Amino acid sequence: EHLQTHELSIPPKTLLQYTLPPLFFYKPNLWWPNGMGKQSLYNVGITVDVKGFGESDSWSHQFGFRKIESIIDSVTGGRLFKVNGQCVFIRGGNWILSDGLLRLSKKRYMADIKFHADMNFNMLRCWGGGLAERPDFYHYCDIYGLLVWQEFWITGDVDGRGVPVSNPNGPLDHDLFMLCARDTVKLLRNHASLALWVGGNEQVPPKDINAALKNDLKLHPFFMSVVGNTALG
Amino acid sequence: MVEMGKRVLDSGWLAARSTEVAATGVQLTTTHPPSGPSAPWMEAAVPGTVLGTLTKNKLVPDPFYGLNNEAILDIADSGREYYTFWFFTTFECAMKGNQHVNLNFRAINYSAEVYLNGHKEILPKGMFRRHSLDVTDILLPDGKNLLAVLVYPPDHPGSIPPEGGQGGDHEIGKDVATQYVEGWDWMTPIRDRNTGIWDEVSISITGPVKISDPHLVSSFFDGFKRAYLHTTLELENKSSWLAQCSLTLQVTTELEGNISLV
Chain A
1160 EHLQTHELSI PPKTLLQYTL PPLFFYKPNL WWPNGMGKQS LYNVGITVDV KGFGESDSWS
1220 HQFGFRKIES IIDSVTGGRL FKVNGQCVFI RGGNWILSDG LLRLSKKRYM ADIKFHADMN
1280 FNMLRCWGGG LAERPDFYHY CDIYGLLVWQ EFWITGDVDG RGVPVSNPNG PLDHDLFMLC
1340 ARDTVKLLRN HASLALWVGG NEQVPPKDIN AALKNDLKLH PFFMSVVGNT ALG
Chain B
12 MVEMGKRVLD SGWLAARSTE VAATGVQLTT THPPSGPSAP WMEAAVPGTV LGTLTKNKLV
72 PDPFYGLNNE AILDIADSGR EYYTFWFFTT FECAMKGNQH VNLNFRAINY SAEVYLNGHK
132 EILPKGMFRR HSLDVTDILL PDGKNLLAVL VYPPDHPGSI PPEGGQGGDH EIGKDVATQY
192 VEGWDWMTPI RDRNTGIWDE VSISITGPVK ISDPHLVSSF FDGFKRAYLH TTLELENKSS
252 WLAQCSLTLQ VTTELEGNIS LV
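Residue numbers (this note's numbering), protein chains in the order written: chain A, 1160 to 1392; chain B, 12 to 273.
What follows is the structure in structure tokens.
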């Protein structure tokens, strides 16, 4: 039941977006953060065969079934997280990057992230003045159950603060910022550990960037109805 | 038929400071390729940074020991040209009819010129973006392909005040790049501002139809008893004829060892 094949025709020199019918699962093994259960991952494989040629391309990814919700608590002002309907007590660490010379090997990521899991952490927050972390980082966060809070590249360097005063309106090229943000989302969005996108470090990005990020990252109406509670993002 | 899929180009790279290389990108990738790691060329760290390459070759002391960082020239004092570097490698890829090849850079800081077998492409600015070039018509069917990449540092590397401080003079924030590199309360300034090919380089070989950026989302009902996997993807037909395709989605879970449940 977890195998689907669809026939389609693609005109020459054409790029198209294709949505497959939803694939049904009964009681899938859920992905849980570190300390709450197993980090169950399914292998999703997609193959396209072309008549007269054979297999033309393939793609695979380890996918975790999980539902992550977070809201700002009106009483405490703090952010609350739920995973698969269960409240999570966040034990998090601030992450900038693994190495200042960007020697970011798989082995290094595995050791660093396993170390944080062994410390009983369940979240890493990637600071806005650091990196949009790499797929290998997210892969090991998927494996070891570290939720990831990923910030975009906005800090006190880009809000008119500091001495000398920084540019008050973010990076000079807002279109480039959004292009990089959209591409980063596409690169990382399938990882089970990815919990939250944040505009920047301890502040709100310039108005146009913030509006564009909020618009692009809002939940699709279909999934809003599935969640059944518009307060949950 | 050449095996399809992705091949990572992470070995055999050379690097040289751009001001010490007389040849042009076209010459480097046609008539005058570097012969090996002899000056001004050196073994390069790819993926990695220019400072990583210099450290690897012991041309600068390791900046993370003691006060070694003080002995390394900062880009504010040296100028951007000092940390503008050539990276060079070769690879073989003899694809057959109806196959297509893309050259992929998962991230470069900050912009670059790419030369492949004498052909030039510009990789525009931005530290956090992927670049993918269709090089099918540029590849040599037999033998080595020559690839040279001229990597430029961020446009606004900024300068570091004598007293240091949060983010130096904040100039780096004008670019879409990582900002800790001008130094922070927990970090010394990174002298090259992390200039380099800092993430994976690969070639991907496909047939006429290519898959891009699949998006997987799950939805749940009845207290997680029922779940649906929603899949959207982009398909590009690079051929000049109508492609009749079979698209297959398969989800498996590993039970134990190499035994999978379908």
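Here a beta-carbon is modelled for each residue, glycine too, at the ideal position from N, C-alpha and C.
Small disclaimer: the values here were computed from a predicted structure and weren't measured.
Not flagged as an interface residue toward chain A: cysteine 104(B), since no C-beta distance is shorter than 8 angstroms.
Using a 10 angstroms sphere on the CB of threonine 206(B), the tally of other CB atoms reaches 16 or more, which defines it as buried.
The Cβ atoms of glycine 218(B) and valine 1209(A) lie closer than 8 angstroms to each other.
Tryptophan 252(B) sits close to proline 1171(A), with the two beta carbons spaced by under 8 angstroms. Pairing leucine 1175(A) with glycine 169(B), the inter-Cα distance amounts to about 42 angstroms. Note on tryptophan 1356(A): 16 or more other CB atoms within 10 angstroms of its CB, so buried under the neighbour-count rule. DSSP places arginine 1238(A) in the strand class (E or B) of the three-state scheme. Taking a beta-carbon distance threshold of 8 angstroms, arginine 1284(A) does not count as an interface residue toward chain B. Among the residues facing chain B, alanine 1291(A) is included, as its CB has a counterpart in that chain under 8 angstroms away. The beta carbon of proline 1330(A) is closer than 7 angstroms to those of Val1317 and Phe1336 in its chain, skipping five residues each way along the sequence. Secondary structure of histidine 1333(A) (DSSP, three-state): helix. Against histidine 1161(A), the close residues of chain B are Gln261, Val262, Thr263 and Val273, in the order they occur along the chain (beta-carbon pairs closer than 8 angstroms).
Within the segment 1176 to 1214 of chain A, the runs of beta strand (DSSP E) at least 3 residues long that lie entirely inside it are, in chain order, 1201 to 1209. Bounds of the alpha helix (DSSP H) holding valine 61(B) are 61 to 67. Within the segment 116 to 136 of chain B, contact with chain A at the beta-carbon level (separation under 9 angstroms) is assigned to Arg117, Ala118, Asn120, Pro135 and Lys136. For tyrosine 1297(A), the uninterrupted alpha helix (DSSP H) segment begins and ends at 1294 to 1303. In terms of Cβ geometry, isoleucine 119(B) and valine 187(B) do not form a close pair [threshold 8 angstroms]. Per DSSP, the continuous alpha helix (DSSP H) segment holding glutamine 38(B) begins and ends at 36 to 39. According to the DSSP secondary-structure assignment, glycine 207(B) is paired through a beta bridge with Asn120(B). Distance from asparagine 1281(A) to glycine 1244(A) at the Cβ level is roughly 16 angstroms; contact not present, criterion being Cβ atoms closer than 8 angstroms. Excluding residues up to 5 positions away in sequence, Gly1287, Gly1329, Gly1358, Gly1359, Asn1360, Gln1362 and Pro1364 lie with their Cβ nearer than 7 angstroms to the Cβ of isoleucine 1313(A) in the same chain.
Using a C-beta cut-off of 8 angstroms, the segment 1369 to 1380 of chain A makes no contact with the segment 1242 to 1261 of chain A, since fewer than three inter-stretch Cβ pairs fall below that distance. Between the segment 151 to 166 of chain B and the segment 1295 to 1302 of chain A, the count of C-beta pairs closer than 8 angstroms stays below three; the two stretches do not touch.
Rounded to the nearest whole angstrom, the C-alpha separation of lysine 1273(A) and threonine 42(B) is 48 angstroms.
By the criterion of a C-beta distance shorter than 7 angstroms, isoleucine 149(B) is surrounded in its chain by Leu127, Asn128 and His130, once the five residues flanking it on both sides are discounted. Here valine 1234(A) is exposed: its Cβ has fewer than 16 other Cβ atoms, across all protein chains shown, within 10 Å. Interface with chain B (8 angstroms Cβ-Cβ cutoff): asparagine 1369(A) is excluded. When C-beta distances to chain B are compared with 7 angstroms, the residues of the segment 1196 to 1208 of chain A below that value are Tyr1201, Asn1202, Val1203, Gly1204, Ile1205, Thr1206, Val1207 and Asp1208, in chain order. By the Cβ criterion, the segment 133 to 140 of chain B is not in contact with the segment 73 to 81 of chain B, since fewer than three pairs of Cβ atoms, one from each stretch, lie closer than 8 angstroms. Legend: CB atoms of the segment 1165 to 1176 of chain A lying less than 7 angstroms from CB atoms of chain B belong to residues His1165, Glu1166, Leu1167, Ser1168, Ile1169, Pro1170, Pro1171, Lys1172, Thr1173, Leu1174, Leu1175 and Gln1176. Cβ-Cβ distances below 7 angstroms link proline 1192(A) to Val1242, Val1247, Asn1281, Gly1304 and Leu1306 in the same chain, with the five nearest sequence neighbours on each side left out; the list follows chain order. Residues of the segment 1175 to 1189 of chain A with a C-beta less than 8 angstroms from any C-beta of chain B: Leu1175, Gln1176, Tyr1177, Thr1178, Leu1179, Pro1181, Leu1182, Phe1183, Phe1184, Tyr1185, Lys1186, Pro1187, Asn1188 and Leu1189, listed in chain order. Of Gly1211(A), Leu1353(A), Phe1222(A) and Arg1341(A), the smallest CA-CA separation from glycine 1204(A) is found for Phe1222(A). Spatial neighbours of tyrosine 1201(A) in its own chain (CB-CB distance under 6 angstroms, excluding positions within 5 residues in sequence) are listed in chain order as Phe1222. Of all residues in the segment 215 to 226 of chain B, only Thr217, Gly218, Pro219, Val220, Lys221, Ile222, Asp224, Pro225 and His226 come within less than 7 angstroms of chain A when Cβ atoms are compared, listed by chain position. In the three-state reduction of the DSSP assignment, methionine 1269(A) falls in the helix class, which pools H, G and I.
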